[in-house]
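A short worksheet on the structure shown next.
Structure, rendered in structure tokens:
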């Protein structure tokens, strides 16, 4: 059975959810000029056919925390087991198998220095099948996080985007502090960004009005944003790759801005390490990856070296679903 085919309305609904993950179907329907029932029916189909999931994500920078990218070369017999174990951790954002299945790459957002050190300096270093571990702090995001992948789908008109987009968050003067109810709310929308107010009330032991206020505060401070998880194949994104670029310091910002504008780029960030930009890209075929490297990447001045690796298997995209 072939991959499901998505039409323009499917893509519009997915992009609408990227802009506002909790937008009522009635609001999406009004903007798109269709009925509420049509949007609800399409959303149910997208969930079952391409595994669309709306997830509430946390911007760690707003909490004064660091995000890391960790690369682990290991023996083939332990790679998948290691990747699965990392994917189950709440402090990992994505987990990929690359390089012939002997390298695991994961995004990590430790909630404290103690948690970071426990993983990097204890557990991973003490696993004999792991040959090398390198950890790179993400210094500056060029694309990704609140700027979701579906924002590049161009399924919506500028007017439709404006009608659906949430107000931009402010810039707090200091890291935001979370209390127990905030953490419970974030944990609930992390599993289901469209969790009902009743679900959020149960999770936080708060009234409906208090839950609404907390949601608004978390969104307005930029702590909470929404992202959409989905299978890449139906969108012509079967071939995924990770790129590590070594860029001259004077060209770092310009190369990063250029990558952010490329439709192929789902994520790009400046990092510590010799390769000072990491990016995730998606294509229909390896030939398209070659063209991208030789033409678009090749045209950028200041790039001194490029390392590329195909993503052989994505163990965790945003949320761990072992049966996907």
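Numbering (UniProt numbering), first residue to last: 1 to 324.
Here a beta-carbon is modelled for each residue, glycine too, at the ideal position from N, C-alpha and C.
These numbers were taken from a predicted model, which means no experiment stands behind them.
| query | Taking C-alpha atoms, which residue in 25, 36, 288, 144 lies nearest to residue 237? | reply | 288
| Roughly how many angstroms lie between the CA atoms of residue 264 and residue 295, to the nearest whole one? | About 13 Å.
| message | Quick check for students: name the residue ranges of the beta strand (DSSP E) that lie wholly in the stretch 87-160, counting only runs of 3 or more. | response | 92-98, 103-108, 130-143
| request: Could you name the residues of the same chain whose beta carbon sits closer than 6 Å to that of residue 258, not counting the 5 residues immediately before and after it, in chain order? | output: 300
| request: Select from 291, 229, 163, 138 the residue whose C-alpha is nearest the C-alpha of residue 244. | output: 138
| said: Suppose you measure from the CA of residue 161 to the CA of residue 73; what does that come to, to the nearest Å? | reply: 42 Å
| task | Give me the Cα-Cα distance between residue 29 and residue 15, rounded to the nearest whole angstrom. | result | Spanning the two alpha carbons is a distance of roughly 13 Å.
| field | Close beta carbons around residue 304, own chain, < 7 Å, minus the five adjacent residues each side | value | Cβ neighbours of residue 304 within its own chain (closer than 7 Å, five residues either side excluded): 246, 247, 248.
| said: Counting C-beta neighbours from all protein chains within 10 Å, is the total for residue 76 16 or more, i.e. buried, or is it exposed? | reply: exposed
| Roughly how many angstroms separate the alpha carbons of residue 111 and residue 224, rounded to a whole number? | 15 Å
| With a Cβ-Cβ cutoff of 8 Å, do residue 278 and residue 269 count as a contact? | yes
| field | Under 8 Å between C-beta atoms of residue 56 and residue 176 | value | no
| query | Mind pulling the alpha helix (DSSP H) runs of 4 or more residues that sit fully within the stretch 243-293? | reply | 252-261, 286-291
| query | Using the C-alpha atoms, what's the distance from residue 104 back to residue 308? | reply | 14 Å
| query | Taking the alpha-carbon positions, what's the residue 54 to residue 113 distance? | reply | 29 Å
| If you drop the 5 nearest sequence neighbours on each side, which residues of the same chain put their C-beta closer than 7 Å to that of residue 286? | 239
| query | Bridge partners of residue 227, per DSSP? | reply | 55
| field | Three-state secondary structure assigned by DSSP to residue 301 | value | Of the three classes helix, strand and coil, the one that applies to residue 301 here is coil, per DSSP.
| Using the C-alpha atoms, what's the distance from residue 252 back to residue 347? | Given a span of 1 to 324 for the chain in the structure shown, any question on residue 347 remains unanswerable.
| message | Given this structure, state the Cα-to-Cα distance separating residue 36 from residue 68, to the nearest angstrom. | response | 41 Å
| request: Helix, strand or coil for residue 315, going by three-state DSSP, please let me know. | output: strand
| query | Just the Cα atoms here: how many angstroms apart are residue 241 and residue 133? | reply | 20 Å
| said: Please report the straight-line C-alpha distance between residue 148 and residue 127, rounded to a whole angstrom. | reply: 35 Å
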